[in-house]
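Here numbering that gives the first Met the number 0 is used: the first residue of the sequence shown is 0, the next is one more, and so on.
We put the beta carbon where it would ideally sit given N, CA and C, even for glycine.
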Amino acid sequence: MSYVRWISGGLGFALFGPIGGILGFALGSLFDTPSENGGAREIYRNDFTASLMVLIAVIIKADNKILKSELNFVKRFLVQNYGEARSKEMLLLLRDLTKKQINLTEVTSQIRENMNYSSRIELINFLFNLANADNYLHPKELSIIHQIAKDFLISERDFISIKSMYIDDSDAPYKILGISPDASNDEVKKAYRRMAMKFHPDKVSFLNEKMKKTAEEKFKKVNEAYREIKKRRGIK
């Protein structure tokens, strides 16, 4: 396999445990060896992407068929973040991952123990992006993402908030802020401040500029939800 080449030091926790067992040494060639100045951050970013690759394989197999729209979404993401040459190798890796039996509970447990809450939220957000690539959230995909969120110990309110960013619902602005439509204006303002702080892109500053765009879109949807509620209620 063309992607099997190990570069020492490119991965941290993802080199070991369930994820390391799934990937073998294959992923080593797909990440940069950390530089002297940015080592820890680069390792964490590599671990994030390694975890994401395994979860992507789980999601695109969820409805028992691999859709072209989902593969195109993944390809665009990889090309934007890793360039044409490396993205081709990563797609080969993804192809092989989809042929493996992946113990999701073991994988999510390893990620939960090694990544902070904001990083786990961002993984969930990306999985929703992927699952919605064909503008339809398949019930099986939604069920698996929900299970991953539970395994990550993501609060139900935060999960519903992210899910509501991808579902057309008149109450979506309220759900995005984690409140009910009968919340008071003060509760709306407090909820906005809370979610804006929780979903701020700076929480995942370890990501490169292009990868942070997904986090920025999430933050933008929080702001849009707040503006919509203010418009409906006539709040200045």
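Taking just the CA atoms, how far does residue j sit from residue i?
| i | j | result |
| --- | --- | --- |
| residue 8 | residue 200 | Only weak support exists for where residue 8 lies, its pLDDT of 42 falling under 50; the coordinates are left without a value. |
| residue 194 | residue 213 | 16 Å |
| residue 215 | residue 175 | 15 Å |
| residue 228 | residue 218 | 16 Å |
| residue 42 | residue 114 | 12 Å |
| residue 156 | residue 117 | 14 Å |
| residue 75 | residue 189 | 37 Å |
| residue 224 | residue 172 | 4 Å |
| residue 68 | residue 56 | 14 Å |
| residue 133 | residue 104 | 27 Å |
| residue 146 | residue 160 | 15 Å |
| residue 110 | residue 88 | 23 Å |
| residue 206 | residue 20 | 24 Å |
| residue 122 | residue 106 | 13 Å |
| residue 13 | residue 70 | 23 Å |
| residue 54 | residue 100 | 12 Å |
| residue 17 | residue 23 | 10 Å |
| residue 47 | residue 198 | 17 Å |
| residue 11 | residue 186 | 41 Å |
| residue 90 | residue 130 | 17 Å |
| residue 93 | residue 148 | 22 Å |
| residue 102 | residue 184 | 45 Å |
| residue 95 | residue 135 | 25 Å |
| residue 204 | residue 40 | 9 Å |
| residue 108 | residue 178 | 29 Å |
| residue 86 | residue 167 | 32 Å |
| residue 84 | residue 15 | 26 Å |
| residue 235 | residue 72 | 39 Å |
| residue 233 | residue 196 | 24 Å |
| residue 63 | residue 158 | 24 Å |
| residue 286 | residue 231 | No information on residue 286 is available, as it lies outside the stretch 0 to 235 that the chain covers here. |
| residue 170 | residue 226 | 14 Å |
| residue 150 | residue 112 | 11 Å |
From the DSSP output, in three-state form, read off residue i for me.
| i | result |
| --- | --- |
| residue 236 | Only positions 0 to 235 of the chain appear in the structure, and residue 236 is not among them; the question remains open. |
| residue 142 | helix |
| residue 212 | helix |
| residue 218 | helix |
| residue 235 | coil |
| residue 153 | coil |
| residue 15 | coil |
| residue 23 | coil |
Below 8 Å on the Cβ atoms is my contact criterion, and I expect residue i with residue j to pass it. Report the Cβ-Cβ distance as a whole number of Å.
| i | j | result |
| --- | --- | --- |
| residue 77 | residue 125 | About 12 Å; that fails the 8 Å criterion. |
| residue 49 | residue 143 | Wrong, their Cβ atoms sit about 19 Å apart, outside the cutoff. |
| residue 140 | residue 58 | 6 Å |
| residue 192 | residue 153 | That pair is no contact at about 20 Å. |
| residue 80 | residue 209 | 5 Å |
| residue 202 | residue 164 | The pair is not a contact, with the Cβ atoms about 16 Å apart (cut-off 8 Å). |
| residue 127 | residue 98 | 25 Å between Cβ atoms; not a contact. |
From the beta carbon of residue i, is the nearest beta carbon of chain C less than 7 Å away?
| i | result |
| --- | --- |
| residue 101 | You won't find chain C in this structure, because it holds only one protein chain. |
Next on the checklist: At 4 residues or longer, what runs of the alpha helix (DSSP H) sit wholly inside the region 43-127?
Outcome noted: For the region 43-127, the continuous alpha helix (DSSP H) assignments of 4+ residues that do not extend past its boundaries occur at 67-96, 103-113, in sequence order.
Checklist entry - What alpha helix (DSSP H) runs, 4 residues minimum, are completely inside the region 159-210? => result Entirely contained in the region 159-210, the alpha helix (DSSP H) runs reaching 4 residues are, in chain order, 171-175, 184-197.
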